[in-house]
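Just below is one structure, and these are the notes that go with it.
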Amino acid sequence: MDLLIAELLNAFKQVLPEVFYIRNYKKEVDYPYMTFSYTGEPLGKNQEGFYLDCDVFDDQGKNNQRIEEVIGKLQNFVNDDENRILNEQFFIRFDFIRPNNIPTGSDTLQRRYAQIYVRVDWRKS
């Protein structure tokens, strides 16, 4: 799973440089940034589906432009059939994305949630 997570991190960094698995541990936070975690399900022999729970954070208060641009880029990335990952261990296909607004109750912090579904064909057992 470590290699899969590393590949997903690299892929998402094409959209946003500040991407982290589960949590942003940086002492000085650079906004906007995204975190993600996953839940998997078996789909068939040597194939799994993963729900990637992604949270995008920004510190622009009522100015939504930057965070909406990130979500738009993320949607374009997921919907682009060229964005597939193939190596000796697996083949990853991004299937769909479901973005959603998450109120924070803060005057500065913004948060958008997106669930991304990926299919992974494991090439080596």
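In this note's numbering, the protein residues as written are -1 to 123.
Glycine residues also receive a C-beta, built at the ideal position from the N, C-alpha and C atoms.
Check, Outcome
"PHE88 versus PHE18 - alpha carbon distance", "21 Å"
"For VAL76, the nearest candidate out of VAL27, LEU14, ILE114 and SER35 (CA to CA)", "ILE114"
"Distance between ASP105 and GLN45 (C-alpha atoms, nearest Å)", "44 Å"
"Residue(s) in a DSSP beta bridge with GLY42", "GLN45"
"Closest residue to VAL54 among GLU26, ILE100 and LYS122 (Cα-Cα distance)", "ILE100"
"ASN22 - DSSP class collapsed to helix/strand/coil", "coil"
"Chain-order list of residues whose beta-carbon lies under 7 Å from that of ASP119 (same chain, five-residue window excluded)", "ASN44, GLN45, PHE88 and PHE89"
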